[in-house]
Amino acid sequence: MTNRRNPPASKARTAGRIALGAILVLAGTSHLTFAREDFRAQVPEFVPLKEDTTVLLSGVAEISLGSALLFAPTSLRGKVGLLAATFFTAIFPGNIAQAVHHKDAFGLDTDAKRIGRLFGQPLLVAWALWSTAALVRRSK
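In terms of the UniProt record's numbering, the sequence shown opens at residue 1 and continues consecutively.
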């Protein structure tokens, strides 16, 4: 059953989904171009790929997820939201690695800033789930 106070296709959810999709496309594009070096600072040492390969692949993933958030048919948006939330969870170790190894990137040049950024990742997960109504039960 759909929650009447926050229906899946509300204007706020739609705006949130579009904004998140656009942010992901921009972030993915920056992986491939102007912020490539900064993203290398986030690749954890345990990743078996070269840093640059990891940055490029994650950029392609972000462009793909952002595009899916923008253009997926309504029937698939919840699944895309779950996939985006999973992606944000999967890349969280990169944010931890940047903090643990004291790597400066994206203006995060102090431990306090790097640790503060860690609290943003759960917000991205929540944003992906909320904006796509991924956890809202649909009536049949």
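Heads up, the beta-carbon is just placed ideally off N, CA and C, and yes, glycines get one too.
Small disclaimer: the values here were computed from a predicted structure and weren't measured.
- For Arg-137, there is no enclosing alpha helix (DSSP H), as DSSP marks it with neither H nor E.
- It is roughly 22 Å from the alpha-carbon of Ala-133 to the alpha-carbon of Phe-119.
- Rounded to whole angstroms, the separation of the alpha carbons of Leu-76 and His-102 is 39 Å.
- Its Cα nearest to that of Arg-13, the residue Gly-78 stands out among Thr-110, Thr-54, Gly-78.
- Here Arg-40 has Glu-51, Val-55 as same chain residues with Cβ atoms under 6 Å from its own Cβ, once five neighbours each way along the sequence are excluded.
- For Ala-85, the three-state secondary structure derived from DSSP is helix.
- Across the set Gly-66, Ala-99, Ser-58, His-31, the C-alpha of Gly-66 shows the shortest separation from the C-alpha of Trp-127.
- Taking each of Val-43, Ser-30, Ser-58 in turn and checking the Cα distance to Phe-87, the smallest one comes out for Ser-58.
- By the CB criterion at 8 Å, Glu-62 and Gly-28 fall inside the cutoff.
- DSSP places Glu-37 inside the alpha helix (DSSP H), whose first and last residues are 36-40.
- At the C-beta level, Asp-111 and Ala-99 come within 8 Å of one another.
- Between the alpha carbons of Leu-108 and Arg-114 lies a gap of roughly 5 Å.
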